[in-house]
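For reference, the structure is listed below as structure tokens.
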Amino acid sequence: MRPALASLMLLATCVAHTGCAGGASGHRPSQHAGHRGHDHDRGGPGAGTVAAAHACRAAAARHGLPRSPHLGAAEEYLHIGFGLVPVVHRHRPSLPRVGHGHGHGHGHGHGHGHEGRYEPVLACARAALGSSPESLEARYLLALGLLDRHAFRDVLAQADRVLARRPDHVGALLVASDAHLELGGLEAAEAVVERALAVKPAFPALVRAAHIRHLQADNTTAKQLYARAIRMALAAGQRLQAAWATAEVARIFQAEGDAQAAAAGFALSKRWR
Numbered sequence: 265m266r267p268a269l270a271s272l273m274l275l276a277t278c279v280a281h282t283g284c285a286g287g288a289s290g291h292r293p294s295q296h297a298g299h300r301g302h303d304h305d306r307g308g309p310g311a312g313t314v315a316a317a318h319a320c321r322a323a324a325a326r327h328g329l330p331r332s333p334h335l336g337a338a339e340e341y342l343h344i345g346f347g348l349v350p351v352v353h354r355h356r357p358s359l360p361r362v363g364h365g366h367g368h369g370h371g372h373g374h375g376h377g378h379e380g381r382y383e384p385v386l387a388c389a390r391a392a393l394g395s396s397p398e399s400l401e402a403r404y405l406l407a408l409g410l411l412d413r414h415a416f417r418d419v420l421a422q423a424d425r426v427l428a429r430r431p432d433h434v435g436a437l438l439v440a441s442d443a444h445l446e447l448g449g450l451e452a453a454e455a456v457v458e459r460a461l462a463v464k465p466a467f468p469a470l471v472r473a474a475h476i477r478h479l480q481a482d483n484t485t486a487k488q489l490y491a492r493a494i495r496m497a498l499a500a501g502q503r504l505q506a507a508w509a510t511a512e513v514a515r516i517f518q519a520e521g522d523a524q525a526a527a528a529g530f531a532l533s534k535r536w537r
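According to the numbering used here, the stretch in the sequence shown is residues 265 to 537, in order.
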């Protein structure tokens with residue numbers, strides 16, 4: 265069996281055994297790493313946030329998300345907004361591969377190929393900023409929502425404001441990388457992802473780094489990075505993440521003309537979904 269195919273089949277054993285746990289960082293992968301440890305903002309809502317507050321609460325009610333009545337207004341909006349992010353992902357029909365004008369079809373698990381689903385998230389972010397303009401987490405949540413609108417320069421502007429005060433904010437680094445890549449800034453995207461990897465080498469940063477290596481025609485490193493991400497996802501029980509990353513590896517094999525390895529990868533990806 266060729267090494268490439270053997271590697272894919274080895275990954276299959278991780279579903280039933282613990283052999284893939286080695287090398288995992290211990291962090292639980294998240295599609296949006298970085299939104300931990302909110303700023304604990306206090307205070308009532310500022311002018312113009314009433315409609316946003318209603319949008320937040322209505323969205324929370326639709327999706328069964330709990331409110332936090334003991335928290336200040338900004339914290340409540342953040343609680344709901346960040347709670348909506350995984351809901352968007354769960355209701356997404358598939359993990360998209362999107363490109364916007366610069367010839368790089370890619371998907372990072374962000375789901376920003378479905379415009380409009382983040383409108384309640386944006387509402388929550390704006391309400392939180394209206395209540396606490398200095399909140400870094402609210403500004404990051406705003407950048408995340410703007411990514412869904414393909415407002416990539418605005419994403420960078422918001423992410424830069426977060427990073428100016430907290431250079432190691434992983435979430436802001438990752439959305440900045442996505443925005444740079446969508447705008448055709450491959451080198452800028454790579455630089456930002458390397459910063460994210462240095463802070464937290466978890467699934468979101470690993471798959472972005474892998475995709476960038478693939479765009480640079482360094483498929484060997486891309487596969488190695490995807491393999492690390494897959495092992496980490498499986499060790500954390502994140503089979504959907506593992507399935508998506510395995511499909512990305514299969515697409516690389518497909519592009520290289522290795523039909524057998526590609527077929528094995530796609531089959532494994534389907535099994536993990």
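Note that beta-carbon positions come from the ideal geometry of N, C-alpha and C, so glycine has one too. For clarity, every value in this text was computed on a predicted model and none was experimentally measured.
Taking residue i as the reference, which of the options has the closest Cα?
i	options	result
W536	G521, G501 and Q524	G501
E401	R417, R381, R429 and A415	R429
A387	E340, R515 and R492	E340
P431	A523, K464 and F346	K464
S395	G448, V314, A324 and L489	V314
R459	G328, N483, Y490 and L427	L427
P350	L504, A527, G529 and G521	L504
G328	A338, A337, G336 and H343	H343
Please check the pair residue i and residue j, which I expect to be a contact at CB under 8 Å, by giving their CB distance rounded to whole angstroms.
i	j	result
R477	A486	4 Å
A391	A317	5 Å
L405	V434	No, L405 and V434 are not in contact; Cβ-Cβ is about 14 Å, not under 8 Å.
L420	A443	5 Å
Which class does residue i belong to by DSSP, given the choice of helix, strand or coil?
i	result
L329	coil
A500	coil
S395	helix
H414	coil
Y382	coil
H433	coil
R425	helix
P350	helix
D522	coil
Work out the CA separation of residue j and residue i for me, nearest whole Å.
i	j	result
E383	L348	10 Å
A481	F517	12 Å
K534	I494	14 Å
A531	M496	20 Å
T510	R331	37 Å
A415	G448	14 Å
S441	Q524	33 Å
D412	A324	19 Å
L479	A491	17 Å
H475	G409	22 Å
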